[in-house]
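Trainee: I have a structure here, written as structure tokens, and I will follow up with some questions on it.
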RNA sequence: GCUCCGAUAGUGUAGCGGCCAAUCAUUUCGGCCUUUCGAGCCGAGGACUCGGGUUCAAAUCCCGAUCGGAGCACCA
């Protein structure tokens, strides 16, 4: 077959190769995609999915990628001034530089204008019902008394609303959909409400009392920006149904949509932006970049690499089912990157003394990276007195033969809770290998104090001298894991744990 | 309660009528290699929610059940 029809064979083989990652889009001309966060906190791993996937599609089809801040709720999900820039930093870090940045709160008057047009089309009305009252109408599919108000009166009421004549919760602008729509979620939804809390942006502050809700703001923006494809969480599926009414009134074409399910990461559980914010204020976390948090700022501080995060989310695809993930998957991706680029060092948490009798004074020369011989070696002078990790010490038995990695073989003589005594034994690694002895790491006692901050707390110990020169770098503590050296001060090093 | 949606190995995915005794990644377990319990290499294990139907043929189509999720906010 390979001789008579090689093409056919290729085709067969090709069909067997699975489609990895993102499915192709329909309508691939002039692709414009957006990611529209509320900047009420920094980007998290969840945001990263939105940033990466939207941006990746835009790149793939030579289109444009827009970041739009949907910051139209000054009260309930109040934006955080710093978060606007944080988002942009994080996008850049992920290699998803936006072609354009839009801030919804800059466009409030424009939304007012479209609202007026809808009123004039008899497609919207001012509703004075109380929340609960309207819910009753909605649930029984009956129009409320304000729905049939004439256009001129509605225009006057709208102006009164803008002029601040109504208190919060006294009036809203609703979009007329269909009170008989079988899904109650779609019936006459609210487009604008009154909020008297000032906006956090200094240039806005108390300029507006009437604020649009997501469905309205997003509907108008998506059209004006020429968005061709929207990819977002499936919690916004009903949004599309609501927004289509606005599109119909204006005769606009709705973008293609794709939705994904909820992502729950086992290690972090349910951490909403607002609950994190609260916990930080209470002092439960040191800040938004606390290593126990799923923010991108925290990931960066721990030494997670942007390319690993990107690869991870692209291969995840865009399924609509809800998924539960373990960070292990992301760690595996990151390990592939950092393993090749990280220097190796020894670090002994909760060190235990090990005294070696008859030890020659010598210099150990472990490699900086086992597969990059040309990186050179660390040089460690050893006199016969070292420290080992408590976890290793606990497993050690008297008379055991073991090897101090890159140093020499020893035989354990005596073990107490505080100190272990051993004697030096000549010979190479083969002896230990042959007897299936352990090879453990060690440090000399005068190394820097190291604190490793991890997802559950912290660990303290002693490390190699060379670690002090690695501030900002991701290194591997051998047999311990990958960490990012966060700061070095005097003889104290703080490291953020990434993963094993 | 009302309206939608989904269900493939431990986890996440591919497949969407015949290439499927089901893909790929990760995880797990062996072995090799290695002065790390890291990486690499080799190998193994592990899944179509259930019940009916349509069809010569179903993971793929239809119906029902079960389970899970989302929306029904003057949040995004």
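In the numbering used here, the protein residues as written are 58 to 557.
C-beta: ideal position from N, C-alpha, C; glycine also.
Every value quoted in this text rests on a predicted model; they were computed, and no experiment measured them.
1) Out of 329, 358, 290 and 419, which has the shortest C-alpha to C-alpha gap to residue 98?
2) Just tell me which of 540, 512 and 378 has its CA closest to the CA of residue 532.
3) Would DSSP call residue 168 helix, strand or coil?
4) Over what stretch of residues does the alpha helix (DSSP H) that includes residue 12 continue unbroken?
5) Tell me whether residue 543 sits in a helix, a strand or coil according to DSSP, three-state version.
6) On a CA-only basis, which of 113, 134 and 269 is nearest residue 288? Give me that one, please.
7) Drop a sphere of 10 angstroms on the beta-carbon of residue 549, count the other beta-carbons inside from all chains shown, and report buried for 16 or more, exposed for fewer.
8) Count the other CB atoms, across all protein chains shown, that sit within 10 Å of the CB of residue 115; report buried if there are 16 or more and exposed otherwise.
9) Closer than 8 Å by C-beta to residue 477: which residues in its own chain qualify, once you throw out the five before and the five after it? Chain order, please.
10) Considering Cα atoms alone, identify which of 488, 299, 517 and 486 is closest to residue 537.
11) Taking the beta strand (DSSP E) that residue 533 belongs to, which residues open and close that run?
12) Using the Cα positions of residue 351 and residue 101, report the straight-line distance between them to the nearest angstrom.
13) Quick check on residue 84: buried or exposed, where buried means 16 or more other Cβ atoms within 10 Å of its Cβ?
14) Assess contact between the stretch 309 to 317 and the stretch 361 to 377, defined as three or more Cβ pairs (one per stretch) separated by less than 8 Å. Is contact present?
15) Taking C-beta to C-beta, are residue 168 and residue 277 nearer than 8 Å?
16) With contact counted as at least three CB pairs below 8 Å, one residue from each stretch, are the stretch 250 to 267 and the stretch 298 to 312 in contact?
17) Is the beta carbon of residue 172 sitting closer than 8 Å to the one on residue 127?
18) Between 360, 294, 424 and 415, which lies nearest to residue 394 when the distance is taken from Cα to Cα?
19) For residue 323 and residue 387, what's the separation of their Cα atoms in angstroms?
20) Taking the alpha carbon of residue 556 as the point to measure from, which residue in 534, 425, 262 and 545 has its own alpha carbon closest?
21) DSSP state of residue 135, grouped into three classes?
22) Measuring straight from C-alpha to C-alpha, what distance separates residue 551 and residue 391?
23) Tell me the rounded alpha-carbon separation between residue 405 and residue 507.
24) Note down the Cα distance separating residue 513 from residue 348, rounded to an integer number of angstroms.
25) Closest to residue 177 by CA distance: which of 230, 257 and 136 is it?
26) Using 10 angstroms around the beta-carbon of residue 524, count the other beta-carbons present and answer buried if the total reaches 16, otherwise exposed.
27) Using the DSSP secondary-structure output, state which residues sit across from residue 467 in a beta bridge.
28) Suppose you measure from the CA of residue 542 to the CA of residue 357; what does that come to, to the nearest Å?
29) Could you spell out the range, first to last residue, of the alpha helix (DSSP H) harbouring residue 367?
30) Would you say the stretch 189 to 197 touches the stretch 122 to 140, given that touching needs at least three Cβ pairs under 8 Å?
31) List the whole-angstrom C-beta distance separating residue 423 from residue 447, where the pair is believed to meet the contact cut-off of C-beta under 8 Å.
32) Once DSSP output is grouped into helix, strand and coil, what is the label at residue 357?
33) Where does residue 250 fall in DSSP's three states?
34) Ignoring anything shorter than 4 residues, give me the alpha helix (DSSP H) runs that lie fully in the stretch 368 to 435, in order along the chain.
35) In the stretch 158 to 214, which residue ranges form an unbroken alpha helix (DSSP H) of at least 4 residues, counting only runs that do not cross its ends?
Mentor: Concretely, from the data shown:
1) Indexing the first chain from 1 puts residue 98 at position 41. Among 329, 358, 290 and 419, the Cα nearest to that of residue 98 belongs to 329.
2) Residue numbering aside, residue 532 sits at position 475 when the first chain is read from its first letter. Among 540, 512 and 378, the Cα nearest to that of residue 532 belongs to 540.
3) Residue 168 sits at position 111 when you count from the first residue of the first chain. It is helical.
4) For the chain, the structure presents residues 58 to 557; residue 12 sits outside this window and is missing.
5) For this step, residue 543 is matched to residue 486 along the first chain. In the structure shown, the three-state DSSP call for residue 543 is strand.
6) As a working note, residue 288 is residue 231 in the first chain. Looking at the Cα atoms, 113 is the closest of the given residues.
7) The residue you call residue 549 lines up with position 492 of the first chain. Exposed, because fewer than 16 other Cβ atoms sit within 10 Å of the Cβ of residue 549.
8) Counted from its first residue, the first chain places residue 115 at position 58. The residue is buried, with at least 16 neighbouring Cβ atoms inside 10 Å.
9) Here residue 477 is taken as the residue at index 420 of the first chain, counted from 1. For residue 477, where only same-chain residues beyond five positions count, the Cβ hits under 8 Å are 409, 410, 411, 412, 445, 450, 453, 469 and 471.
10) The sequence position of residue 537 within the first chain is 480, counting from 1. Comparing Cα-Cα distances from residue 537 to each of 488, 299, 517 and 486, the minimum goes to 517.
11) One-based indexing of the first chain puts residue 533 at position 476. Residues 531 to 534.
12) Your numbering for residue 351 matches position 294 in the first chain. Your numbering for residue 101 matches position 44 in the first chain. Taking the straight line joining both Cα atoms gives about 6 Å.
13) By one-based count along the first chain, residue 84 stands at place 27. Classification for residue 84: exposed.
14) Pairwise C-beta distances place the stretch 309 to 317 in contact with the stretch 361 to 377, as three or more of them are shorter than 8 Å.
15) On the first chain, position 111 is the one that residue 168 refers to. On the first chain, position 220 is the one that residue 277 refers to. A contact, by the Cβ cut-off of 8 Å.
16) The stretch 250 to 267 is not in contact with the stretch 298 to 312.
17) Counted from its first residue, the first chain places residue 172 at position 115. Counted from its first residue, the first chain places residue 127 at position 70. For residue 172 and residue 127, no; Cβs fall outside 8 Å.
18) By one-based count along the first chain, residue 394 stands at place 337. Of the listed residues, the one whose Cα sits closest to residue 394 is 360.
19) Reading the first chain from its first residue, position 266 is the one you call residue 323. Reading the first chain from its first residue, position 330 is the one you call residue 387. Rounded to whole angstroms, the gap between the alpha carbons of residue 323 and residue 387 is 12 Å.
20) In the first chain, residue 556 corresponds to position 499, counting from 1. Considering only alpha carbons, the answer is 534.
21) Here residue 135 refers to the residue found at position 78 of the first chain. The answer is coil: DSSP assigns residue 135 none of H, G, I, E or B.
22) Start at 1 with the first residue of the first chain, and residue 551 comes out as number 494. Start at 1 with the first residue of the first chain, and residue 391 comes out as number 334. Distance between the alpha carbons of residue 551 and residue 391 is about 21 Å.
23) Reading the first chain from its first residue, position 348 is the one you call residue 405. Reading the first chain from its first residue, position 450 is the one you call residue 507. So the alpha carbons of these two residues sit roughly 9 Å apart.
24) If you number the first chain from 1, residue 513 lands on position 456. If you number the first chain from 1, residue 348 lands on position 291. Those two C-alpha atoms are separated by around 9 Å.
25) Locating residue 177 in the first chain gives position 120, counting from the first residue. Considering only 230, 257 and 136, the residue with the shortest C-alpha distance to residue 177 is 230.
26) The sequence position of residue 524 within the first chain is 467, counting from 1. Buried.
27) Counting from 1 along the first chain, the entry for residue 467 is found at position 410. Paired residue(s): 459 and 481.
28) The residue you call residue 542 lines up with position 485 of the first chain. The residue you call residue 357 lines up with position 300 of the first chain. Between residue 542 and residue 357, the C-alpha separation is close to 12 Å.
29) For this step, residue 367 is matched to residue 310 along the first chain. Note, residue 367: alpha helix (DSSP H), 363 to 373.
30) no
31) By 1-based counting over the first chain, the position of residue 423 is 366. By 1-based counting over the first chain, the position of residue 447 is 390. Not really, about 21 Å apart at Cβ, beyond 8 Å.
32) In the first chain, counting from the first residue as 1, residue 357 sits at position 300. Helix at residue 357.
33) Numbered from 1 along the first chain, position 193 holds the residue referred to as residue 250. DSSP places residue 250 in strand when its eight states are reduced to three.
34) If we require 4 residues or more, the alpha helix (DSSP H) runs fully inside the stretch 368 to 435 come out as 384 to 398.
35) Every unbroken stretch of the alpha helix (DSSP H) spanning 4 or more residues and falling wholly within the stretch 158 to 214 is given here in chain order: 165 to 177 and 188 to 196.
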